[in-house]
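*Asks:* Please see the structure below; I have some questions.
There are 2 protein chains.
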Amino acid sequence: MAGEDADDTLSARGEFAVIDRLTAGRRQPPFVTLGPGDDAAVVLAPDGRVVVCTDMLVENRHFRLDWSSPHDVGRKAIAQNAADIEAMGGRSTAFVVAFGAPGDTDTASAVELADGMWHEAGLMGAGIVGGDVVAAPQWVVSVAALGDLGGRDPVRRDGAKPGDMVAVVGELGRSQAGFTLWDSGISGHDALRRRHLVPEPPYGQGEIAARGGATAMTDVSDGLLADLGHIASASEVSIDLAIGHLQPDIDALAEAAAAVGADARQWVLGGGEDHALVATFASQPPPGWRVIGTVGASDGTTAVTVDGARWRGSAGWQSF
Amino acid sequence: MAGEDADDTLSARGEFAVIDRLTAGRRQPPFVTLGPGDDAAVVLAPDGRVVVCTDMLVENRHFRLDWSSPHDVGRKAIAQNAADIEAMGGRSTAFVVAFGAPGDTDTASAVELADGMWHEAGLMGAGIVGGDVVAAPQWVVSVAALGDLGGRDPVRRDGAKPGDMVAVVGELGRSQAGFTLWDSGISGHDALRRRHLVPEPPYGQGEIAARGGATAMTDVSDGLLADLGHIASASEVSIDLAIGHLQPDIDALAEAAAAVGADARQWVLGGGEDHALVATFASQPPPGWRVIGTVGASDGTTAVTVDGARWRGSAGWQSF
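Top to bottom, those sequences are chains A and B. With my numbering, letter number 109 in the first sequence gets 108, and the count goes up by one each step, no holes. With my numbering, letter number 292 in the second sequence gets 291, and the count goes up by one each step, no holes.
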C-alpha cells in the first residue's frame, strides 16, 4: 500500500482527477445550490448582500510543513478568513480555495488539507464550494470567504465613539507564545504550540456582538495593539487598555514566557493570529465578552495606550 | 526620482502602506456598499444568490514577468475569473485579490498589477473590493470573483441534450498560438503574442447565451476539446465538431502556424486560455454565436469527435 501511495502524486493523478478526489463525498449545506464541478458555484444570499474577504498562506512564511500537518494548514486557512467575516458581524456561508503545490506533492496530503478545511468549515456550518489546483514551487493556500449579515448592518472599524467600552472575546497571545516555543525548539506546552498551528476563533460571537450593539469590531490577526490601532484610526478616537484586565491572558502564558525568557504581556498585546474578536460597545458588552479598556477622544498622537502610556514593545505583525 | 523609486519596495513601505497605495483613488461601483479597508467588504446580491469562483496564477507557471507587464498579469487574473462567471450566465460584480510577492518587489509594479485589474474589472463594471498582500518567493496572484445571475437559472455543464447545436463566441487558438510564438522566440505576429498575455473574453455574452436558451455552457480555458469533454461528460452526451466551421479561426492562425511549423487546427482544438464561451442550444443561438457542431447521444466511448473521428492531437492543458 505504501508503495502504491508513494506514486499517487498531484502530477501523476492530474488536475481533474485530483479535484474529483478532493471533492468526493463532501456534503454541502442547504444554502449551496450548486457546489464544485462547474465553472463557478452558486450560494444563496438571502440577505441581498454578501460579505467577502480573502487571505493567502504561503509555505515557510505563514506555516511550515514540519510543524503543521496539512490538516492544520487547512483549518488555519479557513479559520483566519472566517474570523474576518465574524469581525463584520456576519456568518460564514461558503469558501472557495485556490491551492498551489509542487507536482510531486502526494495526493494524500492534498486530501488531508481539504479534510482540515471541511472540518473547520463544519464548525460554522459552511461549505467549500469551489477551487483551483495549480502547480507552484511551494504550497500556497488562498481562501476567499463569503458571509451573510442576516439583515444586520455590518460592524465596521469606524464606529467607535469616546465613552465606549473596549471588550474582547477569545484568547490572546497564545499563537505568538506557541510560535516562540516552536521557534526555540522547546517541547511541552502542547496546548500553546498547538494553538499556533490552529487558531480557535470564537465562532458565532461576531453575530452576538452585532446584535449586542457593537459600534466597531475587528479580529486580532496582527496583534491587539495593531488591530485596535486600526479601529482608533478609522474611528478617529483614542483607546486606552487596562493591563490588569488582561491579567487572565498574561497568567495563562506566564509559565511558557518564563521557559523562553519572554514577556507574556508582549505576547498578549502584540501577538496576532489568535483571531479573538475585539469590539467597542456603548453599553455593557454581551456575556462572555471581557472589558479590557475604554475609548477616548483622539489627541492626535498615540492612538492606543496601555494604562495611559505608550507601549514600548512591538504592536504587531506586518507582512513584509 | 529613479533613485527614490528604487527604494520603494513592498518591504520598505510595509503591508498597510502598500494596501493604502493600491486602494487609493479607486471608484467602486454603486452595488459595493463597503469596499476595502475593513475586515471584509459588503457587496449587494439583489438576486438573493451569488455566483463565486477562484483561480490562481503563479509566476513562471502561468505567466513570465519578462513577457508580461504587471498590468497584463492583472488583466489576465481578472479576465479568467470573469470568464467563469460569464460561463454560468452571470455578470461579475466584484473581485477579491490575494497577492504574494518577494519583499524587494517595487511598489510601482504592484500598483501596475492593481491598475491592470481595475482596467479589466472596469470592462464589466465590477469592482476590486478587497484583498491580501503577503510575502512569497515568487509572484502569486489569486483572485475570487462574485457574480450576479439577475434572476436567471445558472447555465451548468450538464444540460446539453442530443439534437442541440454547439456554438461558440469569442476567438479560439490565439493564446496557444501566441504562447508558441513567444516560446519559439519569433517576433512579429504582435496581436497573437499579445493575446497570450491578455485574453479577451466576450464579456456580456454569457448573459446573452442564458437569455437565448443555452442548455449548457463553459469557457474555453483548457482547450476546446477538453472543455467540451466536460460538457459531454456532465451531460452524458457526445459532441461532434465540424472542422469546416472552425475555418475562420484556423485561417486567422495559418501564417503564424507556418512560421513555427505548427498545425493551426491543433491550436484551435486544443489551445486554452482564450476564454471564448462555448454553449449548447436547442434552437438557433443568439447573434454573434457561431455554430461549430452538434450534440448526439453518448455512445459510451469518445465523447468529443471532430468530423466524426477522434482527434489525434492533444485535447488541452492540465495543471500538472
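Glycine included, each C-beta is placed from N, C-alpha and C at the ideal position.
Using CA coordinates, which residue listed in HIS195/A, ASP37/A, LYS160/A is at the minimum distance from ARG173/A?
*Replies:* Along the first sequence, read from residue 1 onward, the residue named residue 173/A stands at position 174. Considering only alpha carbons, the answer is HIS195/A.
*Asks:* Return the residues of the stretch 93-115 of chain B that lie within a Cβ-Cβ distance of less than 8 Å from chain A, sorted by chain order.
*Replies:* Listed by position along the chain: ALA93, VAL95, VAL96, ALA97, PHE98, GLY99, GLY102.
*Asks:* Kindly give me the distance between the Cβ atoms of VAL219/A and ASP306/A, rounded to whole angstroms, as I take these residues to be in contact under 8 Å.
*Replies:* As a working mapping, residue 219/A is identified with position 220 in the first sequence. As a working mapping, residue 306/A is identified with position 307 in the first sequence. No, VAL219/A and ASP306/A are not in contact; Cβ-Cβ is about 19 Å, not under 8 Å.
*Asks:* Check whether the Cβ atoms of ALA213/A and ALA275/A lie closer than 9 Å to each other.
*Replies:* Within the first sequence, the letter at position 214 stands for residue 213/A. Within the first sequence, the letter at position 276 stands for residue 275/A. Cβ atoms of ALA213/A and ALA275/A: not closer than 9 Å.
*Asks:* Can you tell me which of the three DSSP states GLN137/B falls into?
*Replies:* By 1-based counting over the second sequence, the position of residue 137/B is 138. The answer is coil: DSSP assigns GLN137/B none of H, G, I, E or B.
*Asks:* CB-CB under 7 Å to SER67/B, same chain, minus the five flanking residues each way: which ones, in chain order?
*Replies:* By one-based count along the second sequence, residue 67/B stands at place 68. Same-chain partners within the cutoff: LEU196.
*Asks:* Taking the DSSP output, what are the residues bridged to PHE94/B?
*Replies:* Position 95 of the second sequence holds residue 94/B. Answer is ILE127/B, ALA144/B.
*Asks:* To be precise: take each residue of the stretch 154-180 of chain B, compare its Cβ to all Cβ atoms of chain A, and keep it if any distance is under 7 Å. Which residues remain?
*Replies:* Here the close residues are ARG155, ARG156.
*Asks:* For the stretch 129-141 of chain A, list every residue whose C-beta sits within 8 Å of some C-beta in chain B, in sequence order.
*Replies:* The stretch 129-141 of chain A vs chain B, Cβ under 8 Å: GLY129, GLY130, ASP131, VAL132, VAL133, ALA134, ALA135, PRO136, GLN137, VAL139, SER141.
*Asks:* If you draw a straight line from the C-alpha of VAL51/B to the C-alpha of GLY299/A, how long is it?
*Replies:* Sequence index remark: in the second sequence, residue 51/B carries index 52 (1-based). Sequence index remark: in the first sequence, residue 299/A carries index 300 (1-based). So the two alpha carbons sit approximately 42 Å from each other.
*Asks:* Quick one: any contact between the stretch 149-157 of chain A and the stretch 79-94 of chain A, if contact means 3 or more CB pairs under 8 Å?
*Replies:* Yes: at least three Cβ pairs fall under 8 Å.
*Asks:* Should PHE30/A and LEU43/A be called a contact, given that it needs their Cβ atoms to be closer than 9 Å?
*Replies:* Walking along the first sequence from the start, residue 30/A turns up at place 31. Walking along the first sequence from the start, residue 43/A turns up at place 44. Their beta carbons are under 9 Å apart, which means PHE30/A touches LEU43/A by this criterion.
*Asks:* Measuring only between beta-carbons, confirm whether ALA233/B sits less than 9 Å from chain A.
*Replies:* Position 234 of the second sequence, counted from the start, is the residue given in the question as residue 233/B. Interface residue, yes.
*Asks:* Any beta carbon from chain A within less than 9 Å of ALA143/B's own beta carbon?
*Replies:* Here the question's residue 143/B lines up with position 144 in the second sequence. So yes, ALA143/B belongs to the interface.
*Asks:* Name, going along the chain, the residues of the stretch 25-41 of chain B whose beta-carbon falls closer than 7 Å to a beta-carbon of chain A.
*Replies:* Answer in chain order: THR32, LEU33, ASP37, ASP38, ALA39, ALA40, VAL41.
*Asks:* GLN204/B: buried (16+ other C-beta within 10 angstroms of its C-beta) or exposed?
*Replies:* For the purposes of this step, residue 204/B is identified with residue 205 of the second sequence, where counting begins at 1. Flag for GLN204/B reads buried.
*Asks:* Among residues of its own chain, excluding the 5 on either side of GLY34/B, which ones have a beta-carbon nearer than 8 Å to its beta-carbon?
*Replies:* One-based indexing of the second sequence puts residue 34/B at position 35. So the qualifying residues of the chain are THR22, ARG25, GLN27, ALA40, GLY126, VAL128, GLY129.
*Asks:* Any residues in the stretch 191-210 of chain B with a beta carbon nearer than 7 Å to a beta carbon of chain A? Which ones, in chain order?
*Replies:* Answer set for the stretch 191-210 of chain B: empty.
*Asks:* Would you kindly report the start and end of the unbroken beta strand (DSSP E) that includes VAL41/B?
*Replies:* Within the second sequence, residue 41/B is the residue found at index 42, counting from 1. Unbroken beta strand (DSSP E) run through VAL41/B: 40-43.
*Asks:* Quick one, are the C-beta atoms of ALA144/B and ILE230/B less than 9 Å apart?
*Replies:* Taking the first residue of the second sequence as position 1, residue 144/B is located at position 145. Taking the first residue of the second sequence as position 1, residue 230/B is located at position 231. Against a cut-off of 9 Å, the Cβ pair of ILE230/B and ALA144/B comes out as no contact.
*Asks:* Can you list the alpha helix (DSSP H) stretches of 4 or more residues lying completely in the stretch 137-204 of chain A, in chain order?
*Replies:* Those alpha helix (DSSP H) runs which fall completely within the stretch 137-204 of chain A and span 4+ residues are 173-183, 189-196.
*Asks:* Going along the chain, which residues of its own chain have a beta-carbon closer than 7 Å to the beta-carbon of THR106/A, five neighbours each way excluded?
*Replies:* Counting from 1 along the first sequence, the entry for residue 106/A is found at position 107. Same-chain partners within the cutoff: ASP7, THR8, LEU9, ARG12, VAL17, ARG20.
*Asks:* Give me, in chain order, the residues of the same chain whose beta-carbon lies closer than 8 Å to that of THR304/B; leave out the 5 immediate sequence neighbours on both sides.
*Replies:* For the purposes of this step, residue 304/B is taken as residue 305 along the second sequence, with counting starting at 1. Here the set comprises SER237, ILE238, ASP239, LEU240, TRP310.
*Asks:* Please report the straight-line C-alpha distance between VAL139/B and VAL139/A, rounded to a whole angstrom.
*Replies:* The residue given as residue 139/B occupies position 140 in the second sequence. The residue given as residue 139/A occupies position 140 in the first sequence. Distance between the alpha carbons of VAL139/B and VAL139/A: 8 Å.
*Asks:* Tell whether a beta-carbon distance below 9 Å holds between SER108/A and ALA120/A.
*Replies:* Looking up residue 108/A in the first sequence gives position 109. Looking up residue 120/A in the first sequence gives position 121. No. Outside cutoff.
*Asks:* Counting only C-beta atoms, is VAL50/A closer than 9 Å to chain B at any point?
*Replies:* Stepping through the first sequence from its first residue, residue 50/A is reached at position 51. Yes, its Cβ sits closer than 9 Å to a Cβ of chain B.
*Asks:* Just verifying my parser: in three-state terms, what is the DSSP assignment at PRO247/B?
*Replies:* Stepping through the second sequence from its first residue, residue 247/B is reached at position 248. In this structure, PRO247/B counts as helix in the three-state DSSP scheme.
*Asks:* Contact criterion: CB-CB distance below 9 Å. Does GLY299/B meet it with respect to chain A?
*Replies:* Translated into positions along the second sequence, residue 299/B becomes position 300. Taking Cβ atoms only, chain A never reaches closer than 9 Å to GLY299/B, which makes this a no.
*Asks:* Under 7 Å Cβ to Cβ from VAL217/A, same chain only, skipping five residues before and after it: list those, please.
*Replies:* Position 218 of the first sequence holds residue 217/A. First, the residue type needs correcting, since residue 217/A is Thr and not Val in the sequence shown. ALA86, ARG156, ASP226, HIS229, ILE230, VAL277.
*Asks:* Quick one: Cα of LEU56/B to Cα of VAL290/A, how far?
*Replies:* Residue 56/B sits at position 57 when you count from the first residue of the second sequence. Residue 290/A sits at position 291 when you count from the first residue of the first sequence. Going by the C-alpha atoms only, they are around 44 Å apart.
*Asks:* Assuming the contact rule is C-beta atoms closer than 8 Å, LEU191/A and VAL259/A should be a hit. Round their C-beta distance to whole Å, please.
*Replies:* For this step, residue 191/A is matched to residue 192 along the first sequence. For this step, residue 259/A is matched to residue 260 along the first sequence. That belief does not hold up - the Cβ atoms of LEU191/A and VAL259/A are roughly 11 Å apart, past 8 Å.
*Asks:* Establish whether the CB of GLY271/B and some CB of chain A are separated by less than 9 Å.
*Replies:* On the second sequence, position 272 is the one that residue 271/B refers to. Chain A contact via Cβ: absent.
*Asks:* Going straight from the alpha carbon of THR53/A to that of TRP266/A, what length do you get?
*Replies:* What you label residue 53/A is simply residue 54 of the first sequence in a count that begins at 1. What you label residue 266/A is simply residue 267 of the first sequence in a count that begins at 1. Approximately 26 Å between the Cα atoms of the pair.
*Asks:* In chain A, which residues lie less than 8 Å from LEU267/B when you measure between Cβ atoms?
*Replies:* Here residue 267/B refers to the residue found at position 268 when the second sequence is read from its first residue. The question names Leu, but residue 267/B in the sequence shown is Val. Under the 8 Å cutoff, chain A gives no residues; its nearest Cβ is about 21 Å from VAL267/B.
*Asks:* Exposed or buried, what is GLY146/A when buried is set at 16 or more other beta-carbons lying within 10 Å of its beta-carbon?
*Replies:* Position 147 of the first sequence, counting from 1, holds the residue named residue 146/A. Classification for GLY146/A: buried.
*Asks:* Chain B beta carbons: is any one of them nearer than 9 Å to that of ALA314/A?
*Replies:* Taking the first sequence and counting its residues from 1, the one referred to as residue 314/A is at position 315. Judged by the 9 Å Cβ criterion, ALA314/A is not in contact with chain B.
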